[in-house]
């Protein structure tokens, strides 16, 4: 017996020494093999962010350690964590957010840190501080938790995060005041676009997260510890090579992996990664437990991790480099063990056997208890395929009757389960496959007829001597998780209001259809729709009303196209339609016309009839472009062209629209700085009394003197100002200029009145209020009745309580109100009565062709008669001939304005005219 013990001890000792000296001889299961096939799941598409893995593959580092690595790029919506935990991938690229997943019980293990710093930054316009972001709109991506803490520490706790997906263009166009971005690519794009910006990093606020790391699952690490170690070390070696040879790897990524980024962009990314990885300061792969603890505390502050989170199992314990030291220590320990074993008495061996039997019974009891307490339904079979054990949860999941089962019940139970499955034959085939292949493992999701979804796992059971013992089956109800995942997917890809595909899904579909058309050689049409004057509806009737309208619009749009076509909502009142496999360009005109007709039919909402229209831009692929981003720009430009042509029509994209759009963009950027650069100025057009032909009033008009373009027409820049919101600043500036001028004139011409144009945008935004207006007039000691507000008919038609109150307050303060361009809209007598208008201005379109026997003559007489009956005074615009003046005087018109009397002139020229008029009166 002692001899037997000696032999066993020495054989164990020798085997361990052999493994310590030559660990690569065997794989994790003790068998020699050529190459292990494993998959690495990336976070995004191919780019320099993953350069080390490409380098390890191309330089043969993976192959040297016995690995055949497939590098899988991520598609939109893919999760590296899900891929690794589901077994679709063995390893993944993650970030510090893995701590959150581990704290929730997910079996993830962090192998090595690649980025010592997080790539997340917050981008703001140049000169904008963090503290000024309260009450602003900030685009924050899903895992930018360090930026959340940075904002919190900067005292920014009241801001709006849009629920819709967003892009960098939302920042450059001003829709976002700030957004989270990767320092490796977004600054490059913004610089290329000529955008001035600032970057804010969380490190400056004491928040230092790790960036990318390599992770795996607990299952992979337990089953293949050596493989995980080999993969990690080869990857780190690849990263070292990539950082030393960035130009070579950039070419590799661009050419072989077909990255969407150009070489310049990839090299910029490589340079930024140098700052994040810091290979000169730290060995790649280094991480610090204390720093992970600080990250966990940050997550606790944000409420993402519960207090006292336990790191156990999250950080991979790397082996010491000094293998000889380990060998000596282990050898010494083993030697002591061998000596101790040799000193044992036979009686101790007998006691050990007795204890082992007791421990075996004890362990079996523990296993049975664990099985009964498990949330998984578990059943085990012996080597003959007979049922050995069924736990309580399995009986509950499958509705099995009875507490005990015998081997005779094996097929009875199986068929009881099979009858509940949607695909019974597939499950039975799996059972037979396992019977024929005892060592096989399998994992799958199965669907039940009652709508539930189970995870199914099956694995063999072995004796210590590797002989087959039986089979283990487990089932877990994941119905709620699947529903949650489906809801998350729906929320990520569909608009929650209209249930139409959102911007994200639209972009994926458009890219897919473009590739498909390249194979089929058939046309794709992209339609970009924007509802006309929707903002006015939303502001006047309320957002709830606007939402109901959008839902009805979505339904009508879907009825205008085929089921195979896609109608999507990009956001707000913007919709897109993808029409695929077009035979002829002419086919699209019929569809566009049907959309215009469908939306022209009145909508019934809250017992109200509402009329709307839409402007449509149309572009084609591949004739206009085969790039999804450019195609959307084309359609947007064509839509805008439809707007400029009067709305409620469709227009096709042409190359000239591209140059017009670029010109308009440049004009928009210049307009943003026009006030501060003193490029805007005010001119005044005289308004004369048609009875005396004396100047009695003036209209203040804004003009723009561009340093390169010269005088820019108001027709061009006022529409831009209204679209961008700049009209608020411009309108306020014109008002203050007019007040200043009236103050000068009232000293010499008491009672002289100036009219100031206002835009509906100013009322909706709250930039113009009776309080602000009156305070400024009072401060400058100018009487309220000397400044007239000019409104448009479109604003009058909104007829909401807020506008009524605003105009009523103006009237109470003595401010006259004038209705501009009367006759061009759809206002009625009821509107005029309701708003108590002082002056009504006849639009120049009625005056242009005015002769004694023209239709315009009858219209002008009718307008004047109607206005007089309501107690209003009349101003006729656009008078250019003596005949027009005489006729309007005969009709009873009070005031006239037009080039017959004077074009708009500067304040100095106007003052001279007033003085000349005063002098002539004195002479008379």
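Numbering (the working numbering), first residue to last: 263 to 1186.
Glycine is no exception: its CB is placed at the ideal position from the N, C-alpha and C atoms.
| Check | Outcome |
| --- | --- |
| When 651, 1119 and 679 are compared against residue 669, the one with the closest alpha-carbon | 651 |
| Residue environment, residue 977, which counts as buried when at least 16 other CB atoms sit within 10 Å | exposed |
| Residue range of the unbroken beta strand (DSSP E) whose run includes residue 443 | 440 to 444 |
| CB contact check: residue 1006 to chain D, cutoff 8 Å | Absent from the structure: chain D. Only one protein chain is present. |
| Alpha carbon of residue 450 to alpha carbon of residue 1168, nearest angstrom | 46 Å |
| Residue 500 and residue 315 closer than 8 Å at C-beta | yes |
| Residue of 678, 996 and 572 minimising C-alpha distance to residue 945 | 996 |
| DSSP state of residue 619 mapped onto helix, strand, coil | Reliability fails at residue 619, whose pLDDT of 45 lies under 50, so the model's placement of it is uncertain and no value is given. |
| Expected contact under 8 Å - CB spacing of residue 243 and residue 430 to nearest Å | Outside the displayed span of the chain (263 to 1186) sits residue 243, for which this structure offers no information. |
| CA-to-CA distance, residue 678 to residue 519, given in whole angstroms | 50 Å |
| Distance between beta carbons of residue 909 and residue 871, contact taken as under 8 Å | Actually they do not touch by this definition, with Cβ atoms about 19 Å apart. |
| Other residues of its chain near residue 999: CB distance less than 8 Å, five sequence neighbours each side excluded | 944 and 962 |
| Three-state secondary structure assigned by DSSP to residue 290 | Since pLDDT at residue 290 reaches only 48, below the 50 mark, its modelled position is unreliable, and no value is offered. |
| Spatially closest choice to residue 837 from 883, 769 and 400, by CA coordinates | 769 |
| Coil, strand or helix - residue 577 by DSSP | strand |
| Where the alpha helix (DSSP H) through residue 219 begins and ends | The chain is shown from 263 up to 1186; residue 219 falls before or after that span and cannot be answered. |
| For residue 328 and residue 729, the rounded distance between their alpha carbons | 28 Å |
| Beta-carbon proximity check, residue 1004 vs residue 1053, cutoff 8 Å | no |
| Under the three-state DSSP convention, the category residue 824 falls into | coil |
| Which listed residue (388, 1165, 394 and 994) has its alpha carbon closest to that of residue 1141 | 1165 |
| Continuous beta strand (DSSP E) stretch holding residue 947: start and end | 942 to 951 |
| Residues that DSSP places opposite residue 314 in a beta bridge | Partner(s): none; residue 314 has no beta bridge. |
| Nearest neighbour of residue 1066, chosen from 1097, 1077 and 1051 [CA to CA] | 1097 |
| Same chain only: Cβ atoms within 8 Å of residue 761, ignoring 5 sequence neighbours per side | 816 |
| Cβ separation of residue 1021 and residue 993, assumed to be a contact under 8 Å, to the nearest whole Å | 6 Å |
| Neighbourhood of residue 818 by C-beta distance below 7 Å, restricted to the same chain and skipping five residues each side | 860 and 861 |
| Pairwise C-alpha distance: residue 704 and residue 731 | 17 Å |
| For residue 739: DSSP bridge partner residues | 716 |
| Pair within 8 Å by beta-carbon distance, residue 900 and residue 924 | no |
| Ordered list of alpha helix (DSSP H) runs contained in the stretch 984 to 1051, each at least 4 residues | 989 to 1008, 1022 to 1027 and 1032 to 1041 |
| Among 840, 323, 834 and 402, nearest to residue 824 - alpha-carbon criterion | 840 |
| C-beta atoms of residue 1017 and residue 1080 nearer than 8 Å | yes |
| Residue of 895, 1074 and 756 minimising C-alpha distance to residue 1099 | 1074 |
| Residue burial classification, residue 1103 (beta-carbon count within 10 angstroms, cutoff 16) | buried |
| First through last residue of the alpha helix (DSSP H) which encompasses residue 416 | It is not in any alpha helix (DSSP H) - residue 416 carries neither H nor E in the DSSP assignment. |
| For residue 390, three-class secondary structure by DSSP | coil |
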